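Novice: Protein chains in written order, with this note's numbering: chain A, 1 to 116; chain B, 1001 to 1116.
In this text, a Cβ means the ideal position worked out from N, Cα and C, and glycines have one as well.
Please read these numbers as outputs of a predicted model, since none were measured by experiment.
Handing you this structure, nothing more for now.
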DNA sequence: AAGATTGTTATCCATATGGCTAAGTAACCG
DNA sequence: CGGTTACTTAGCCATATGGATAACAATCTT
């Protein structure tokens, strides 16, 4: 339970890094291409890639002088699963609440009919 | 695109705050009860609640001297949707790739997933 | 009214984060 | 070989974050 969720979520808590992920869903790219749309010095940008890689969300290999970056889908699925799980718990609780409310109402009606 | 995702994800990038969310999926609770399982001074803990509230993930109202806290589901769904969207793009790309490249690409991806 | 509960506010502190520049290394190109 | 490209490493800096204590405020409880 105490897995990489910290890294996953904090990696996603930045628009630059989310943009990189979004870009990479369309296919691998070299660092320079990933960097291009971001108004930021390259070393600053590399820190973002570093965080994504540390979180296990991307991987990269160097081919000649170029570093190719590609997405790693599993962490995204894990984060998604955590959210889905929470949402289901929450929805389940709503179900139980409404069942309980129904129960209360039934009791109430029953009591009323006895009293009446 | 530039919505509250920063706040949502960074709010979830902390185990204390995820624990609070997890707890709140089972129903509302007063601050003291939320605080109890966490080995941390109350003011420190309140900062976490503050972040969750700022991100719109929880709400709270004061009843007497007690503050009751409850979860706000929509942000969770939004974060989940972002992830789902990215995953679909990624999967869509895989579909397109395999349509073009056939079994060679499939073999490559299979190898990658084994390496992971 | 006194005391206990339950937050709240105000500081303070160490570390992490996100940006920068400057200078270095490792391919490729002519 | 020399220059250009594509990173890489090393430092610097400002602000944010996550923790702490101390003191205050409001509301039950007795």
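Please name the residues in the segment 1013–1047 of chain B whose beta-carbon is closer than 9 Å to at least one beta-carbon of chain A, in chain order.
Specialist: From the segment 1013–1047 of chain B, only 1013, 1014, 1015, 1018, 1021, 1022, 1024, 1025, 1026 and 1027 have a Cβ closer than 9 Å to chain A.
Novice: Using the C-alpha atoms, what's the distance from residue 80 (chain A) back to residue 1042 (chain B)?
Specialist: If you take the alpha carbons of residue 1042 (chain B) and residue 80 (chain A), they lie about 30 Å apart.
Novice: If residue 30 (chain A) and residue 67 (chain A) are in contact, beta carbons under 8 Å, what's the gap, nearest whole angstrom?
Specialist: Indeed they touch by this definition, with Cβ atoms about 6 Å apart.
Novice: Who are the neighbours of residue 89 (chain A) on chain B, taking C-beta pairs under 8 Å?
Specialist: Near residue 89 (chain A) (Cβ distances below 8 Å), the residues of chain B are 1022, 1025 and 1026.
Novice: Would you kindly check if the distance between the Cβ of residue 24 (chain A) and the Cβ of residue 76 (chain A) is under 8 Å?
Specialist: Cβ atoms of residue 76 (chain A) and residue 24 (chain A): not closer than 8 Å.
Novice: Can you list, in chain order, the residues of its chain whose CB lies under 7 Å from that of residue 1082 (chain B), leaving out five sequence neighbours each side?
Specialist: The answer, listed in chain order, is 1005.
Novice: Please go through the same chain and pick out, in chain order, the residues whose beta-carbon is closer than 7 Å to the beta-carbon of residue 35 (chain A), but skip the five residues on each side of it.
Specialist: The answer, listed in chain order, is 42 and 45.
Novice: When you compare each of A:54, A:38 and A:27 to residue 1089 (chain B) by their alpha carbons, which one comes out closest?
Specialist: Per the Cα distances, A:27.
Novice: What is the rounded straight-line gap between the Cα of residue 1016 (chain B) and the Cα of residue 18 (chain A)?
Specialist: Taking the straight line joining both Cα atoms gives about 23 Å.
Novice: For residue 1008 (chain B), I'd like the list of residues in its chain whose CB is within less than 6 Å of its CB, leaving aside the five on either flank, ordered along the chain.
Specialist: Excluding residues within five positions, the ones whose Cβ falls inside 6 Å are 1055, 1075 and 1079.
Novice: Hey, residue 69 (chain A) and residue 49 (chain A): beta-carbon distance below 8 Å or not?
Specialist: In contact: residue 69 (chain A) and residue 49 (chain A) (Cβ atoms closer than 8 Å).
Novice: Candidates B:1020, B:1053, B:1052 and B:1051: which alpha carbon is nearest residue 1038 (chain B)'s?
Specialist: Nearest of B:1020, B:1053, B:1052 and B:1051 to residue 1038 (chain B), Cα basis: B:1020.
Novice: Using DSSP with H/G/I as helix, E/B as strand and the rest coil, what is residue 13 (chain A)?
Specialist: Three-state result, residue 13 (chain A): coil.
Novice: Could you check whether the Cβ of residue 1010 (chain B) sits closer than 8 Å to any Cβ belonging to chain A?
Specialist: Yes, residue 1010 (chain B) lies at the interface with chain A (some Cβ there is under 8 Å from its Cβ).
Novice: List the DSSP bridge partners of residue 20 (chain A).
Specialist: Paired residues: none, contrary to the question.
Novice: Using DSSP bridges, identify the partner residues of residue 72 (chain A).
Specialist: Residue 72 (chain A) pairs with nothing; no bridge assigned.
Novice: Using the C-alpha atoms, what's the distance from residue 1061 (chain B) back to residue 1085 (chain B)?
Specialist: Looking at the two C-alpha atoms, the distance is approximately 34 Å.
Novice: Taking only beta carbons into account, state which residues of the segment 1056–1076 of chain B come closer than 7 Å to chain A, listed in chain order.
Specialist: Against chain A - using a Cβ distance shorter than 7 Å - the residues of the segment 1056–1076 of chain B are 1071, 1073 and 1076.
Novice: If I'm right that residue 1011 (chain B) touches residue 1052 (chain B) with Cβ under 8 Å, what's the distance once you round it to whole angstroms?
Specialist: That pair is a contact at about 5 Å.
Novice: Classify residue 1059 (chain B) as helix, strand or coil using the three-state DSSP reduction.
Specialist: Looking at residue 1059 (chain B) - three-state DSSP - the assignment turns out to be strand.
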